[in-house]
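A short write-up of the structure that comes next.
Chains as they are written, first to last, in the numbering used here: chain A, 1 to 221; chain B, 222 to 454.
Structure below.
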């Protein structure tokens, strides 16, 4: 239990972003109104998902270079954390859409892309479940993880932008949030929230990986 | 693995052409599989024709477009699925001792691309015969169709290799693994083919076509890099 400072930081940042996110003033914009505060929760969740899924792919690459049960577990648990964050991101986005657009789900390119990304990782879990041999499972799922990430994830970010008919904020050519006129008070909550959620994703992965390591040890006995 | 491949006496291209010829010869000898595939496409088109004729005539253009791609997608899954699955583990080991894995994946992708291109053209022919031809820009439509066949082939070849490793319910697993990856590609393809149906100017489709081409190359390159790891098991 050495490097605990970043866990303390995670708790502080997330608490801060929740409290300040609801209490600090936000720009008054038509239609979005108070729902603009969702930016402090929804967007950092997606950022954290991308970072942790990227970590999962990195672990898979390491596994292919140098196979070990440890790397397989790290990659698998990181992907699972990514799925949890993705579901949270979809839920917060859906809630926001209900109050801003008037529907839980719209056929927006961005939304469809998010659903496809979750389907891919669902397929990853199905693939893992269909092997009996552990080494085979580890190798093949590492290959699928890299392949799926390389083939689909970049497009999920490029396609909505070139399709040009997305309602999603920050869309149509501009990845930033200039549309929102993100002012300095919002930045002061948004950036800490992003760091907090990313750290939270790593923390979550670390805990579940430890559990998996222990289970591996028990199985070996 | 790399130093080993460099000392192999046979050049890569030669290996690929030999494997390609082997695949075509096998296909020709086991004509049942090819016949089954063609019958699959033909009967699906015919079922579509029958169900639309109930409502008197041709489907509207968007439905025409969507159905064509659904038929081609399922035909592609069926066509590519048998590629790696019909080979026995012993056969795989034998190939492994003879050629390098890069040659196998490239030959398989090339073979699947040619096969799917043929199936797509034949499917389009049958489809226009039965369900009418609302295409206004035929060269763009056919070009896009062939680009789609190549894209399906590059994506599904590695997926079929993965599904074959899992054994058991290979075709189902392949659909589960392949569909989500293919969605971005399908969206682009359907968009361009809609543009071709409506006879829009080529400049409208240019960006999507370039993205498709880049995507094909990306998927091909990633398959090329990953396949040796899959093969080694």
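All C-beta atoms, glycine included, are put in the ideal place defined by N, C-alpha and C. In this text the structure is predicted, and so the values were computed from the model without any measurement.
Check                                                                                                                                                                                                : Outcome
Which value, in whole angstroms, describes the spacing of the CA atoms of residue 295 of chain B and residue 401 of chain B?                                                                         : 14 Å
Could you name the residues of the same chain whose beta carbon sits closer than 8 Å to that of residue 287 of chain B, not counting the 5 residues immediately before and after it, in chain order? : 411
In chain order, which beta strand (DSSP E) runs of at least 3 residues are fully inside the stretch 30-90 of chain A?                                                                                : none
Would you check if there are 3 or more beta carbon pairs closer than 8 Å linking the stretch 416-429 of chain B to the stretch 345-359 of chain B?                                                   : yes
What does residue 378 of chain B reach in chain A if we use C-beta pairs closer than 8 Å?                                                                                                            : None at all; the shortest Cβ gap to chain A is about 11 Å.
Would a check of beta-carbon distances place residue 126 of chain A closer than 8 Å to chain B?                                                                                                      : yes
Take residue 384 of chain B as the anchor and find which of B/247, B/305, B/434 has the nearest alpha-carbon.                                                                                        : B/305
Hey, residue 444 of chain B and residue 325 of chain B: beta-carbon distance below 8 Å or not?                                                                                                       : no
Does any C-beta atom of chain B lie closer than 8 Å to the C-beta of residue 64 of chain A?                                                                                                          : yes
Using a beta-carbon distance cut-off of less than 9 Å, what residues from the stretch 383-411 of chain B approach chain A?                                                                           : 383, 384, 386, 387, 388, 389, 390, 394, 397, 398, 399, 400, 401, 402, 403, 404, 405, 406, 408, 409
Beta carbons nearer than 8 Å to chain A: which residues of the stretch 426-451 of chain B have them?                                                                                                 : 428, 429, 432, 436, 439, 440, 443, 444, 447, 450, 451
Would you mind reading off the limits of the alpha helix (DSSP H) that contains residue 423 of chain B?                                                                                              : 423-453
Out of B/350, B/334, B/352, B/309, which one is the CA nearest neighbour of residue 375 of chain B?                                                                                                  : B/334
Output needed for residue 223 of chain B: all residues of its chain with C-beta closer than 7 Å, excluding positions within five of it in sequence on either side, in chain order.                   : Because residue 223 of chain B sits at a pLDDT of 46, beneath the cut-off of 50, its placement in the model cannot be relied upon, and the point is left open.
Only counting the same chain, and skipping five residues up and downstream in sequence, which positions put a Cβ closer than 8 Å to that of residue 434 of chain B?                                  : 368
Does the Cβ-Cβ distance between residue 200 of chain A and residue 48 of chain A come in under 8 Å?                                                                                                  : yes
Taking the alpha-carbon positions, what's the residue 138 of chain A to residue 104 of chain A distance?                                                                                             : 37 Å
Does residue 174 of chain A have its Cβ less than 8 Å from a Cβ in chain B?                                                                                                                          : For residue 174 of chain A, the predicted model reports a pLDDT of 42, less than 50, meaning its position is unreliable; a value from the coordinates is still stated below. So no, residue 174 of chain A is outside the interface.
Tell me the rounded alpha-carbon separation between residue 144 of chain A and residue 99 of chain A.                                                                                                : 38 Å
Is there a Cβ of chain B sitting closer than 8 Å to that of residue 85 of chain A, yes or no?                                                                                                        : no
Measuring only between beta-carbons, confirm whether residue 74 of chain A sits less than 8 Å from chain B.                                                                                          : no
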